[in-house]
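Working notes, beginning with the structure itself.
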Amino acid sequence: DWNAEHIVDELIGGVRAQVGDSGRVLLGISGGVDSSTLALLLARAVGDRLTAVFIDHGLLRLGEREQVEAALRPLGVNLVTVDARDEFLGQLAGVSDPEQKRKIIGREFIRAFERETAKLGEFEFLAQGTLYPDVIESAGGEGAANIKSHHNVGGLPDDVKFKLVEPFRTLFKDEVREIARLLGLPDHIRMRHPFPGPGLAIRVLGEVTEEKLDILKRVDDIFISGLREFGLYDGCSQALAVLTPIQSVGVMGDERTYSYTAALRAVTTDDFMTAEWARLPYEFLATMSNRIVNQVHEINRVVYDITGKPPATIEWE
Ligand code: XMP
190 DWNAEHIVDE
200 LIGGVRAQVG
210 DSGRVLLGIS
220 GGVDSSTLAL
230 LLARAVGDRL
240 TAVFIDHGLL
250 RLGEREQVEA
260 ALRPLGVNLV
270 TVDARDEFLG
280 QLAGVSDPEQ
290 KRKIIGREFI
300 RAFERETAKL
310 GEFEFLAQGT
320 LYPDVIESAG
330 GEGAANIKSH
340 HNVGGLPDDV
350 KFKLVEPFRT
360 LFKDEVREIA
370 RLLGLPDHIR
380 MRHPFPGPGL
390 AIRVLGEVTE
400 EKLDILKRVD
410 DIFISGLREF
420 GLYDGCSQAL
430 AVLTPIQSVG
440 VMGDERTYSY
450 TAALRAVTTD
460 DFMTAEWARL
470 PYEFLATMSN
480 RIVNQVHEIN
490 RVVYDITGKP
500 PATIEWE
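Residue numbering for the sequence shown follows the UniProt record's numbering, starting at 190 and increasing by one per position.
Structure, rendered in structure tokens:
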């Protein structure tokens, strides 16, 4: 018999017991449901002895940083946001190999995090939003989900010098969402699709530039807002837009265009190890295509990805 209120009390008690009366806790915030919920839980448990650090790597979706700040600060989370956009983009310049991009981003995360936390004094504890399936997957080590180098488990700076606080280690995602509801996390974050740590960098195929990120952010925002508007968002497990490096010929008024192709992808899945492409209504896809080519002038062609996983992965890189 799973009772969320009871679990919240128990988790808060557990954190207090581990951290004691004076321990300070550091937490990296990704903007996703797990770390956001953890921030709220820890704020309840230890108040200002929690410092939550949110790295803006410039690879976030439109308005995401502001949304996270607006969701957490009013609920008492001592949140530090770090603008590391120039560092990330600088390091990514000229790099087009997907694995290389991931490695650079992982490394820059740690650098930015360490640079920032060095200014914040001593922390004995590092909190992580590790869930039960992450524990299992890391232990297992193999399988489709690990074909790409993920960095959300055991990824943060020198874990060894911290004591880890991982209150969600025995929980599943649905349970965290229930806890999030009790703690007051807004639904748009609480029910948000997963978003990869490397962010939009793995959805701008090839080299990442500010200009391409800017195009993709606008396409993504139209697609995701559209899914919400048409009541289709919750029926998809994940949805995303990809900016391909393909340029093709089009026509706009009397003008010939030679612009980029955007791909839309939406999937349904239970575990993200396998997935089906979402059978979105044609009318919806038509509306999205029209909006995108009308509002994002750098795009003259929109395609919908109709490939399952396997053989395709959910992300394109
Ligand atoms: P794929 O593309 O492998 O993705 O089918 C499966 C799930 O994992 C997410 N993903 C990542 N998450 N760091 C993350 O935190 C990563 O490097 C990464 N790569 C993929 C992907 O969005 C999907 O939910």
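For glycine and all other residues, C-beta sits at the position ideal for the given N, C-alpha and C.
Check	Outcome
Completely contained alpha helix (DSSP H) runs for the region 346-395, where each covers 4 or more residues	362-372, 376-379
For Q317 and I201, the rounded distance between their alpha carbons	15 Å
Cβ-based neighbour list, E305, same chain, cut-off 7 Å, excluding 5 preceding and 5 following	V242, V269, V271
Whole-angstrom C-beta distance between L421 and F351, which should lie under 8 Å	Wrong, their Cβ atoms sit about 41 Å apart, outside the cutoff.
Three-state secondary structure assigned by DSSP to L320	coil
Simplified DSSP assignment, three categories, for I413	helix
F357 CB to nearest heavy atom of the ligand XMP below 8 Å	no
Validate contact between the region 192-200 and the region 280-287 using beta carbons, cut 8 Å, 3 pairs	no
Reduced DSSP secondary structure (H/G/I, E/B, other) of V456	strand
Beta-carbon separation (whole angstroms), L469 vs A451, contact threshold 8 Å	About 15 Å; that fails the 8 Å criterion.
Proximity of T413 and A464 at Cβ, strictly below 9 Å	For clarity, residue 413 is Ile in the given sequence; the question names Thr instead. The answer is no: Cβ separation not under 9 Å.
Straight-line Cα distance separating Q207 from residue 507	Outside the displayed span of the chain (190 to 506) sits residue 507, for which this structure offers no information.
Any non-hydrogen atom of the ligand XMP closer than 8 Å to A464 Cβ	yes
Which listed residue (M477, V257, H246, Y471) has its alpha carbon closest to that of T398	H246
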